[in-house]
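The listed protein sequences derive, respectively, from chains Z and Y. Counting from -16, one number per residue, gives the positions in the first sequence under our numbering. Counting from -14, one number per residue, gives the positions in the second sequence under our numbering. Even for Gly, the Cβ is constructed at its ideal location relative to N, Cα and C. Step one of this worksheet: look at the structure below.
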Amino acid sequence: MKLLYFAWVRQKIGRSEEELSVPASITTVSALVDHLRRRGPGYEAAFARPELLRCAVNQEHARFDARVGPNDEVAFFPPVTGG
Amino acid sequence: MSEIRIQREDFDPGAEIAGLQATAEDVGAIASFIGIVRADDKMQAMTLDHYPGFAEREIAAHVSEARARWPVLAVRVVHRVGRLVPGDRIVFVGVASSHRGAAFAAAEFLMDYLKTRAPFWKLEERENSSTWVEARDSDDESVKRWRQ
């Protein structure tokens, strides 16, 4: 799975993207968030309040109950602020 | 024809307008808007972050909506990302049409969208701090008037 992070999510996690093998049991964005939170303090800080985050699956806006799989691109970011 | 570019480098407004005129026949009007970074609240610089691919698609969807609403011949959107300082050009929107009404309306519609809901994130630098700008509900007011 390809993961992308933007704005303060990227800053807290300390990287802009990564390839991750996630357990097959993870099939939704919510489950993925729970999984990522346990990867370290930066992740815990970034995902502490998921309601502050938005996500996209394969470059389309997605809700946290959206399904995800090993070949998906999943991005996490704060609500957009315009240009 | 529509052209959407997200780039770090500056743009030449005259060249963008000339390009718009050259892309369509029967152009009778070109409305253009250029946004420039302001030094509000002693802001020294802002850095725009974006999601490549996703941002272009989101903007393209709104350009399509503008084209569905007004008889537009050509649209060009150029948005800069990266670190910008007050006085820097940040955005160009140009709309070519046969008549000025559609050109003005579509350009304003696109700018209201870009300023409020386009997929960018802004980090503002001041003397002693850098802060990410939070989404503001008040921005929605300028967008609401198009939803009728």
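Quiz item: Which residues in the same chain as Z:I(-4) place their Cβ atom closer than 7 Å to its Cβ, once the five residues preceding and following it in sequence are excluded?
Solution: Y(-12), G25, Y26 and A29
Exercise. Kindly identify the DSSP beta-bridge partner or partners of Y:V80.
Key: Y:A16 and Y:V60
Exercise. Use the C-beta contact count for Y:S82: other C-beta atoms within 10 angstroms, 16 or more gives buried, fewer gives exposed.
Key: buried
Quiz item: What did DSSP end up calling Z:Y(-12) once you bin it into helix, strand or coil?
Solution: strand
Self-check item: Contacts that Z:A58 makes with chain Y (C-beta to C-beta distance below 9 Å)
Solution: Y36 and F39
Quiz item: Under a three-way DSSP split, which group does Y:S115 fall into?
Solution: strand
Quiz item: In chain Z, which residues lie less than 7 Å from Y:A103 when you measure between Cβ atoms?
Solution: V63, G65 and G66
Self-check item: For Y:L58 and Y:E97, believed in contact at Cβ under 8 Å, the rounded distance
Solution: Looking at the sequence shown, residue 97 of chain Y is not Glu but Asp. With a Cβ gap of about 21 Å, Y:D97 and Y:L58 do not count as contacting.
Quiz item: Hey, does Z:A28 have any beta-carbon neighbour from chain Y nearer than 8 Å?
Solution: no
Quiz item: Y:K107 CB to nearest chain Z CB: under 8 Å?
Solution: yes
Quiz prompt | Close beta carbons around Y:D73, own chain, < 6 Å, minus the five adjacent residues each side | solution = V22
Practice problem: Would you check if there are 3 or more beta carbon pairs closer than 8 Å linking the stretch 39 to 59 of chain Y to the stretch -5 to 14 of chain Z? | Solution: no
Practice problem: Could you spell out the range, first to last residue, of the alpha helix (DSSP H) harbouring Y:T32? | Solution: Not the alpha helix (DSSP H): Y:T32 falls in the beta strand (DSSP E), residues A30 to H35.
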